[in-house]
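These notes concern the structure reproduced below.
Number of protein chains: 2
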Amino acid sequence: MKAVLFDLDGTLIDSVYQHVQAWSEAFLHHGFCVPGFEIHRRVGMNAPLLIDALDRTFQLDIGAERKESIERAHARAFASLRDKVMLFDGADRISQTLERLGVGMAIVTSAAERDAQTFFSRLHLADSVICITRDSDPTSKPSASQIDRALHALRVSPREATLVGDSTWDMLASRLAGSLGVGVASGGYSREELAASGALRVYRDVSEFLARLEEIGITR
Amino acid sequence: MKAVLFDLDGTLIDSVYQHVQAWSEAFLHHGFCVPGFEIHRRVGMNAPLLIDALDRTFQLDIGAERKESIERAHARAFASLRDKVMLFDGADRISQTLERLGVGMAIVTSAAERDAQTFFSRLHLADSVICITRDSDPTSKPSASQIDRALHALRVSPREATLVGDSTWDMLASRLAGSLGVGVASGGYSREELAASGALRVYRDVSEFLARLEEIGITR
Chain W
1 MKAVLFDLDG
11 TLIDSVYQHV
21 QAWSEAFLHH
31 GFCVPGFEIH
41 RRVGMNAPLL
51 IDALDRTFQL
61 DIGAERKESI
71 ERAHARAFAS
81 LRDKVMLFDG
91 ADRISQTLER
101 LGVGMAIVTS
111 AAERDAQTFF
121 SRLHLADSVI
131 CITRDSDPTS
141 KPSASQIDRA
151 LHALRVSPRE
161 ATLVGDSTWD
171 MLASRLAGSL
181 GVGVASGGYS
191 REELAASGAL
201 RVYRDVSEFL
211 ARLEEIGITR
Chain H
221 MKAVLFDLDG
231 TLIDSVYQHV
241 QAWSEAFLHH
251 GFCVPGFEIH
261 RRVGMNAPLL
271 IDALDRTFQL
281 DIGAERKESI
291 ERAHARAFAS
301 LRDKVMLFDG
311 ADRISQTLER
321 LGVGMAIVTS
331 AAERDAQTFF
341 SRLHLADSVI
351 CITRDSDPTS
361 KPSASQIDRA
371 LHALRVSPRE
381 ATLVGDSTWD
391 MLASRLAGSL
401 GVGVASGGYS
411 REELAASGAL
421 RVYRDVSEFL
431 ARLEEIGITR
């Protein structure tokens, strides 16, 4: 295993519940009442897809213009909550640990560059870490496009890489890319949901994953 | 089946994500950083037990005085979010539907009377509905005490009643009471987690449950 790719929200940073709140407010502001659990299970999709998915599920008939307006409202609401978002235990040690082991690292996220940048600094990433955001590739998960791009930049083949993520969309994207997927329960999906969507293993959080790198074939 | 008991938060009202936020703020205000998903999976426990559970899991060493202070901080934070909490689709039709079928109804909740009362009005409950809150019985779920009390008031035996809830603590309490437990996925627990904790069936939400009352033996 030559590289590990990480999702950001719910995997490295404890932001899923803030995203649920921000989406919930954004929909409500436009007159749509969408249950929290239905939003929760779609966080990790890219924003337009999340809106489309809820539009179709609840037959909201939102329309293109209001979709953009909802997306902007979410971005504003999340920005006001961003300072409350914590890193998960161990997240700021990952880059150093993998570098010492000679393993490449990337972050692939549906988040906007603007939101992600704050956390990239807090995560103490080595210069070699590849960061793919919505701005560098808008076709984010569950598409494999961002993973393809990260693998290309890291110069590794799909089967030499593992994606670590908290959502079923991460697991789907890793399968589409031809890489292994490892789940972390820190985004509020259950272990069973992650396993059923193709996770090779499911850990509590990245801290537990770091302590068990041997289980995906990374040795000291 | 002569009576159906309902949990409130996450079952009749879409409040779990607000509770996660309120607990998260309450802990953080006291200097404790507790991940959102760990709070989420304990919402539905009564407040002192939730604090004790997180105290033990994360070895926070909170102490009795600060526990009370955290509980009060959560109550204040939740109060400020209460107006944003929506009823789940169909929740305000349950009382009328069950009354027409001659089936008793109760609500058993770890919530404080003050928080619950607002929602009891919005739910259009018939006068016959028994409401047990933390104020009428502080030993709330996962204990069976509130269920025992509701069954007594409804004059039905445990096996003549079903508890509908969104959390594994509801399912545990229903087993301890000797009643059936039916899960709803609307609190963000997965179907698998609810089934594994003893749910006879798991529905998407109370609306789906209402449409399938025959499946627990209630006929028109």
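Read top to bottom, the protein sequences are chains W and H. Under the numbering used here, the letters of the first sequence match residues 1 to 220, in that order. Under the numbering used here, the letters of the second sequence match residues 221 to 440, in that order. Ideal Cβ placement from N, Cα and C applies to all residues, glycine included.
- Rounded to whole angstroms, the Cβ separation of W/A77 and W/A22 is 4 Å, and the two are in contact under 8 Å.
- If you ignore the 5 residues before and after W/E71, its C-beta comes within less than 6 Å of the C-beta of A47, all in its own chain and listed in chain order.
- One finds Y17, G188 in chain W with Cβ atoms closer than 8 Å to the Cβ of H/H260, taken in chain order.
- Per the Cβ contact rule, the stretch 204-218 of chain W is not in contact with the stretch 310-317 of chain H (fewer than 3 Cβ pairs under 8 Å).
- Between the stretch 258-278 of chain H and the stretch 336-351 of chain H there are fewer than three C-beta pairs closer than 8 Å, too few to call the two in contact.
- Between the alpha carbons of W/I147 and H/V404 lies a distance of about 35 Å.
- Contact check between the stretch 376-387 of chain H and the stretch 247-258 of chain H: fewer than three CB pairs, one atom from each, fall below 8 Å, which does not count as touching.
- Cβ-Cβ distances below 6 Å link W/A126 to S95, E99 in the same chain, with the five nearest sequence neighbours on each side left out; the list follows chain order.
- The stretch 56-140 of chain W contains, as complete beta strand (DSSP E) runs of 3+ residues, the segments 104-108, 130-132 (chain order).
- Assigned with DSSP and collapsed to three states, W/D9 falls in strand.
- Just so you know, the alpha carbons of W/D9 and H/G398 end up roughly 41 Å apart.
- The Cβ of H/M265 sits no closer than 9 Å to any Cβ of chain W.
- Judged by DSSP in its simplified three-state form, W/L49 adopts helix.
- Given a length threshold of 4 residues, each whole run of the alpha helix (DSSP H) inside the stretch 148-202 of chain W is given here in chain order: 168-177, 191-196.
- Residues of the same chain with a CB within less than 8 Å of the CB of W/L12, apart from the 5 flanking positions on each side, are F6, L87, F88, A91, I94, I107, F119, L123, V206 in chain order.
- The C-beta distance from W/G104 to W/V156 rounds to 6 Å, short enough to fall under 8 Å.
- Collapsing the DSSP output to three states places W/V20 in a helix.
- Shown here, H/A364 sits in coil according to DSSP, grouped into three states, outside any helix or strand.
- Buried is the label assigned to W/A199, since at least 16 other Cβ atoms lie within 10 Å of its Cβ.
- Here H/V426 carries a helix assignment [DSSP, helix/strand/coil].
- Nearest Cα to W/M1 within the set W/R191, W/L180, W/R201, W/V202: W/L180.
- According to the DSSP secondary-structure assignment, W/V34 is paired through a beta bridge with no residue.
- Residue-level contact by beta carbon fails for H/A223 and chain W, as no gap is shorter than 9 Å.
- Pairing H/A393 with H/P362 gives a Cβ-Cβ distance under 9 Å.
- For a Cβ distance threshold of 7 Å, residue set A405, S406, G407, G408 of chain H lies close to W/F37, ordered along the chain.
- Per DSSP, H/A431 has no beta bridge partner at all.
- Restricting attention to H/G408, H/S235, H/L280, the CA atom closest to the CA of H/T329 is found in H/S235.
- Nearest CB-CB separation between W/D14 and chain H: below the 9 Å threshold.
- Within the same chain, L8, D9, T133, R134 come within 8 Å of W/A111 by CB-CB distance, once the 5 residues on both sides are set aside.
- Scanning chain H for C-beta atoms nearer than 8 Å to the C-beta of W/E65 yields nothing, as the closest lies near 25 Å away.
- Around H/S244, the same chain offers V254, G256, I259 as residues with beta carbons nearer than 7 Å, after the five sequence neighbours per side are excluded.
- A residue is called buried once 16 or more other Cβ atoms fall within 10 Å of its Cβ, and W/R201 is buried on that count.
- Minimum Cα-Cα distance from H/W389 among the listed residues H/Y237, H/A223, H/V240, H/L269 corresponds to H/L269.
- In this model, W/V182 and H/A370 are separated by some 44 Å (Cα to Cα).
- For W/Q21, the chain H residues whose C-beta falls within less than 7 Å of its own C-beta are Y237, Q241, listed in chain order.
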